[in-house]
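Take a look at the structure below.
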Amino acid sequence: MAVAGLGGLGSPASIYLAAAGIGHLTLIDAQRVEPSNLNRQVLHSESDVGQSKLKSATKKLTEIHSNIEVDGIYREITSKNVDRLIKGADVVVDGMDNYPTRYLLNRACVRNRVPFIHGAVEGLVGQLMTILPSRGPCLKCAVPKEPPKKPHFPVLGATPGVIGCLQAMETIKLITGVGKPLVGRMLIFNGTDMTFDEIKVNRDPSCPVCGKHGR
Amino acid sequence: MAVTVKFFASFREAMGKKQESIEGVNNVASLLDELVRKFGEKLAEQFYYSGTRELRKTMNILVNGGGLNLPHDLDKPLKDGDVVAIFPPVSGG
Ligand SMILES: [Zn+2]
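Top line first, the protein sequences correspond to chains X and R. Numbers 1304 to 1518, taken from the numbering used here, label the letters of the first sequence in order. Numbers 4 to 96, taken from the numbering used here, label the letters of the second sequence in order.
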């Protein structure tokens, strides 16, 4: 299991994976804890500010379960290293805060046939989709074009809490074979009116990532 | 028969409804025009940058589950029975 990004999504996702008794977690993150992270990045505390997120994450997760094996990778994800970083993972959890890196992970997961649990949040809105390579659409099928970059977007901390927990749930479902994964459906959570909705997503035969000419 | 349009998140808040049935449109651009004609400025403000007809980059449209490459795919033809979903993809984590 790999969690890429230990922020608002990666925090609850990895906590619930560790608490569920996952034996081995690969954590990928190259950032340090900042005070503004603390409203949502529940792996880290005030006393961790300035330290690497990997350090506080490893400490927190091994406190939850002493036999968990945590592999920390202190690297920025790039097109060059992404295949190597995710290779061998049973599932990759999307804890990124930007589309370029999400697209890299999406492509690498499709290429290496690793399930990818996509999540993203902003304000009181979140989205979630499980990508099972060769069985359903990928992130690029659902969101073909990168949404504009915003330097700052406020996030109500509980929003990634909701989506990150659902990412952990999708991950646990996949590895245990329980239930029906969120494949070909994008879940939209809107905390403003407290609704959960689904958008049907089909695999695009001309998708540059998972279509005929992709991979 | 008509095209069914489903709105999500901020688009739904602007519309005040979950979905709408629209008749007499033949492509995505004409559908957006018709929606703005029917629902007014508040929706136009969601679709386009203020005072322009330039589509906001925060907009994502799927037709029958297929994501559109906008604005290039605005001329994508629509037919009766098609289901169009409009949502603002979020980016943070
Ligand atoms: Zn695809």
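Beta carbons: idealized from backbone N, C-alpha and C, even for Gly. Since this is a predicted model, take the numbers as computed values, not measurements.
Annotation for S13/R: P91 place their beta carbon closer than 6 Å to its own, counting only its chain and skipping 5 residues before and after. Judged by DSSP in its simplified three-state form, F14/R adopts helix.
E26/R and V6/R have their C-alpha atoms roughly 6 Å apart. Between K1362/X and G1375/X, the alpha-carbon positions lie close to 11 Å from each other.
By the neighbour-count definition (other C-beta atoms within 10 Å, threshold 16), A1445/X is a buried residue. At a Cβ-Cβ threshold of 8 Å, P1418/X and I1434/X count as neighbours. About 7 Å separates the beta carbon of V1396/X from that of G1313/X, a gap short enough to meet the 8 Å contact definition. Among the CB atoms of chain X, one or more fall inside 8 Å of the CB of A88/R. Looking at the DSSP output, M1472/X shares a beta bridge with no other residue. Within its own chain, the residues whose Cβ lies closer than 7 Å to the Cβ of P1450/X, once the five positions on either side in sequence are excluded, are Y1402, listed in chain order. What Y1402/X touches in chain R, judged by beta-carbon distance under 9 Å, is P92, S94, going in chain order. Counting only beta-carbon distances shorter than 5 Å to the non-hydrogen atoms of ligand 1, the qualifying residues in chain order are C1441/X, K1443/X, C1444/X, C1510/X, V1512/X, C1513/X.
Listed by position along chain X, the residues whose Cβ is nearer than 9 Å to that of L71/R are P1447, K1448. Closest in C-alpha terms to L1459/X, from the list Q1344/X, A1307/X, R1335/X, comes Q1344/X. Shown here, Q1344/X sits in coil according to DSSP, grouped into three states, outside any helix or strand. In the assembly as shown, Q1354/X is an exposed residue. Its beta-carbon has fewer than 16 other beta-carbons within 10 Å.
Using a CB distance cut-off of 8 Å, F1456/X counts as an interface residue toward chain R. In the three-state reduction of the DSSP assignment, P1315/X falls in the helix class. Per DSSP, the continuous alpha helix (DSSP H) segment holding K1356/X begins and ends at 1356-1367. With the rule of 3 Cβ pairs closer than 8 Å, the segment 61-75 of chain R does not count as touching the segment 1471-1482 of chain X.
Sequence-distant partners of R1410/X (beyond 5 residues in either direction) whose C-beta falls short of 7 Å from its own C-beta, in its chain, are V1512. Rounded to whole angstroms, the separation of the alpha carbons of G1494/X and M62/R is 19 Å.
For chain R, the residues of the segment 1371-1403 of chain X that bring a beta carbon within less than 8 Å of one of its beta carbons are D1397, G1398, M1399, D1400, N1401, Y1402, in chain order. Excluding residues up to 5 positions away in sequence, E1425, G1426 lie with their Cβ nearer than 8 Å to the Cβ of F1456/X in the same chain.
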